[in-house]
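Engineer: Residue numbers (this note's numbering): 3 to 483.
All residues carry an ideal CB built from backbone N, CA and C; glycine is no exception.
Before anything else, here's the structure in question.
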Ligand code: SAH
Ligand code: SF4
Ligand code: F3S
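Now the structure itself:
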């Protein structure tokens, strides 16, 4: 085919090394987009639909950065010229939601046949899902996975140029590509990847299969990115990884997560540092000490417990017991008294008994979580837990789930009264959704606060008297106002 021959010539001229190769394709895309813009007399638009965790949202910022670089303009609906779905597959209902929405795109494409539809993210690392998209959702033009998002410009150019469907999914990741564009939604807050993938293989979890082996970014690259963000006015950063506590362990000269935090903390302009997620088995005394000493690390730790039963924890392959977890919590509370602790809990793991659930409820009471995400176990094919025997009817699981949730809410409501009457520092994020004479922001411990204020406060960290605890948030008053 003519297009294919032309495409091969283009490939011949493309540099082999990254990120130069992608820079080359960004220029190529830009030429096509510019030409198309002139033809139709308007901007070309893009829209993303992102599901799942912070990792996926961060990936979407990178994808959007590339799209803006090549001349697309962000649209405010899916009726756009380029739409991509960045998918999650951690639980079954994540998949159902994606396919549910995908149908609406087909009608938009009928109206605008030049529209390009892409799918990427964790679901696309599963061969059976890719086959489903290939055969059932034939209006999807571009499919890629979690390991090659940096190649968007190349894949998109190929789709635009050849008008063929492009599928490119890698089983595993290669090197980490630095220095590509990224677009941030909020000017004063940013996520920073410090590592990719996961090696823990918790028996219920699909993430290690779809995100690949654990790889840490070099500390100097991380610090350079944080410095750049600070120069752009970012005040709060969130260091991202599936298990940040094992950061840097695989380097030839290993460095610990605590050491990385000390380096990041030195960057002027950054006032708050958060991180996600911590695995209890790797949380070191050194980290607790750095948190206790730091003026920048936020007073919040997300420490997923998953279950309170030693028997279930073992079957989950979590490598800690209930006692070890609670001892860790005690140490943390002693070293960082104003710490807010949050967690993830799974209810309905195969073979779970009433006794096991009692243990989980007991952990909720003893750890005194400020909030918790509670999930019903979802069987993910290919994981070890999928082969374990289930024995509980859905009604039993739902009834247990409700009981755990009730306890979580009861404890959280109590915890969220703690600071009533005190003054806290709030990073103001936006105008209040319900009352435009008020603003909304977060305390260092991640609690939400609403108080009287205007847009001039957005992006600032200000002292607020926390006058009234309202269950899961505070109503406050700007100090000295
Ligand atoms: N790396 C993070 C969590 C990533 S997934 C960690 O280890 O903490 C986020 C949460 O989804 C997990 O903490 C777990 O509670 C939940 N989860 C993962 N797989 C699940 C499954 N198969 N069914 C239900 N919940 C699951
Ligand atoms: Fe999944 Fe466990 Fe890895 Fe978290 S640590 S991503 S739960 S395998
Ligand atoms: Fe989902 Fe992938 Fe995150 S499966 S939870 S988007 S790593």
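(1) Can you look up residue 203 in the DSSP assignment and give me helix, strand or coil?
(2) Quick one: is residue 203 buried, meaning 16 or more other Cβ sit within 10 Å of its Cβ, or exposed?
(3) When the Cα of residue 473 is compared with those of 412, 354, 232, 63, which residue comes out closest?
(4) So, is residue 259 buried or exposed, given that buried needs 16 or more other C-beta atoms within 10 angstroms?
(5) Taking only heavy atoms of the ligand SAH into account, decide whether any of them is closer than 7 Å to the Cβ of residue 48.
(6) Tell me, please, whether the region 237-246 touches the region 270-288 by the rule of three or more beta-carbon pairs shorter than 8 Å.
(7) Strictly closer than 6 Å from CB to any heavy atom of the ligand SF4: give me those residues in the order they appear in the chain.
(8) Check whether the Cβ atoms of residue 83 and residue 46 sit closer than 8 Å, and answer yes or no.
(9) My understanding is that residue 441 touches residue 455, with C-beta atoms under 8 Å, so please give their C-beta distance in whole angstroms.
(10) Considering only DSSP beta bridges, list what residue 373 is partnered with.
(11) Following the continuous beta strand (DSSP E) through residue 52, name the residue where it begins and the one where it ends.
(12) Determine the direct distance from the alpha carbon of residue 152 to that of residue 25, and round the result to whole angstroms.
(13) For residue 283, which residues from the same chain have a beta carbon less than 6 Å from its beta carbon, with the 5 sequence-adjacent residues on both sides left out?
(14) Can you confirm whether the region 385-395 touches the region 356-365 when touching is taken to mean that 3 or more C-beta pairs between the two stretches lie within less than 8 Å?
(15) Whose C-alpha, out of 478, 458, 384, 252, is nearest the C-alpha of residue 465?
(16) From what residue to what residue does the beta strand (DSSP E) around residue 164 run?
(17) With DSSP collapsed to three states, give me the class of residue 492.
(18) Starting from residue 89, follow the beta strand (DSSP E) in both directions and report where the run begins and ends.
(19) What does the Cβ neighbour count give for residue 439, buried or exposed, with the cut at 16 atoms within 10 Å?
(20) If you draw a straight line from the C-alpha of residue 314 to the C-alpha of residue 410, how long is it?
(21) Could you pull out every unbroken alpha helix (DSSP H) segment of at least 4 residues lying fully inside the region 304-341, listed in chain order?
(22) For the region 55-70 against the region 9-20, are there 3 or more C-beta pairs whose distance is under 8 Å?
(23) Using the C-alpha atoms, what's the distance from residue 396 back to residue 225?
(24) Leaving out five residues on either side along the sequence, give the residues of the same chain with a beta carbon under 6 Å from the beta carbon of residue 67.
(25) For residue 433, does the three-state DSSP call read helix, strand or coil?
(26) On the DSSP letters alone, give me the boundaries of the beta strand (DSSP E) that residue 442 sits inside.
(27) With residue 26 as the anchor, note down where its beta strand (DSSP E) starts and where it stops.
(28) Using C-beta distances below 7 Å, list every residue in its chain close to residue 274, excluding the 5 sequence neighbours before and after it, in chain order.
(29) Check this for me: beta carbons of residue 144 and residue 132, under 8 Å apart or not?
(30) Our contact map puts residue 27 next to residue 155 with C-beta atoms below 8 Å; I'd like the distance itself, whole angstroms only.
(31) Evaluate contact between the region 365-375 and the region 342-355, counting only Cβ atoms and requiring at least three cross-stretch pairs below 8 Å.
(32) Please state if the CB of residue 310 and the CB of residue 223 are separated by a distance shorter than 8 Å.
(33) So the alpha helix (DSSP H) residue 406 belongs to, where does it begin and stop?
Structural biologist: Inspection of the coordinates gives the following:
(1) What you label residue 203 is simply residue 201 of the chain shown in a count that begins at 1. In the structure shown, residue 203 sits in coil (DSSP, three-state: anything other than H, G, I, E or B).
(2) As a first step, residue 203 is located in the chain shown; it is residue number 201 there, counting from the start. Flag for residue 203 reads exposed.
(3) Counted from its first residue, the chain shown places residue 473 at position 471. Nearest of 412, 354, 232, 63 to residue 473, Cα basis: 412.
(4) Position 257 of the chain shown, counting from 1, holds the residue named residue 259. By the neighbour-count rule (16 or more Cβ atoms within 10 Å), residue 259 is buried.
(5) Numbered from its first residue, the chain shown carries residue 48 at position 46. Result no, Cβ not under 7 Å from the ligand SAH.
(6) yes
(7) 200, 202, 203, 204, 207, 209, 210, 244, 245, 281
(8) As a first step, residue 83 must be located in the chain shown, where it is residue number 81. As a first step, residue 46 must be located in the chain shown, where it is residue number 44. Their beta carbons are under 8 Å apart, which means residue 83 touches residue 46 by this criterion.
(9) Here residue 441 is taken as the residue at index 439 of the chain shown, counted from 1. Here residue 455 is taken as the residue at index 453 of the chain shown, counted from 1. Confirmed, about 4 Å.
(10) Working through the chain shown from its first residue, we reach residue 373 at position 371. In the DSSP output, where bridge partners are listed per residue, residue 373 has 344.
(11) Translated into the one-based positions of the chain shown, residue 52 becomes position 50. Note, residue 52: beta strand (DSSP E), 47-52.
(12) Reading the chain shown from its first residue, position 23 is the one you call residue 25. Reading the chain shown from its first residue, position 150 is the one you call residue 152. Going by the C-alpha atoms only, they are around 10 Å apart.
(13) Within the chain shown, numbered from 1, the residue matching residue 283 stands at position 281. Closer than 6 Å at the Cβ level, and outside the excluded window around residue 283, lie 321, 322.
(14) no
(15) Here residue 465 corresponds to residue number 463 of the chain shown, with the count starting at 1. Selected option, being the one with the closest Cα: 478.
(16) Counted from its first residue, the chain shown places residue 164 at position 162. Where residue 164 is concerned, there is no enclosing beta strand (DSSP E), although the alpha helix (DSSP H) it sits in stretches over 154-164.
(17) With the chain covering 3 to 483 only, the question about residue 492 has no answer from this structure.
(18) Working through the chain shown from its first residue, we reach residue 89 at position 87. 84-89 is the extent of the beta strand (DSSP E) around residue 89.
(19) As a first step, residue 439 must be located in the chain shown, where it is residue number 437. So residue 439 ends up on the exposed side.
(20) Sequence index remark: in the chain shown, residue 314 carries index 312 (1-based). Sequence index remark: in the chain shown, residue 410 carries index 408 (1-based). Their Cα atoms are separated by approximately 19 Å.
(21) 312-317, 324-337
(22) no
(23) Looking up residue 225 in the chain shown gives position 223. Looking up residue 396 in the chain shown gives position 394. Those two C-alpha atoms are separated by around 48 Å.
(24) Numbered from 1 along the chain shown, position 65 holds the residue referred to as residue 67. 183, 184, 185, listed in sequence order.
(25) Counted from its first residue, the chain shown places residue 433 at position 431. Strand.
(26) Translated into positions along the chain shown, residue 442 becomes position 440. It spans 440-445 - the beta strand (DSSP E) in which residue 442 sits, taken as one unbroken run.
(27) One-based indexing of the chain shown puts residue 26 at position 24. First-last for residue 26: 22-42, but that is the alpha helix (DSSP H), not the beta strand (DSSP E).
(28) The residue given as residue 274 occupies position 272 in the chain shown. The answer, listed in chain order, is 237, 238, 298, 300, 429, 446.
(29) As a working note, residue 144 is residue 142 in the chain shown. As a working note, residue 132 is residue 130 in the chain shown. No.
(30) Counting from one through the chain shown, the residue named residue 27 turns up at place 25. Counting from one through the chain shown, the residue named residue 155 turns up at place 153. Correct: roughly 4 Å between the Cβ atoms.
(31) yes
(32) Locating residue 223 in the chain shown gives position 221, counting from the first residue. Locating residue 310 in the chain shown gives position 308, counting from the first residue. Cβ atoms of residue 223 and residue 310: not closer than 8 Å.
(33) As a first step, residue 406 must be located in the chain shown, where it is residue number 404. It spans 396-417 - the alpha helix (DSSP H) in which residue 406 sits, taken as one unbroken run.
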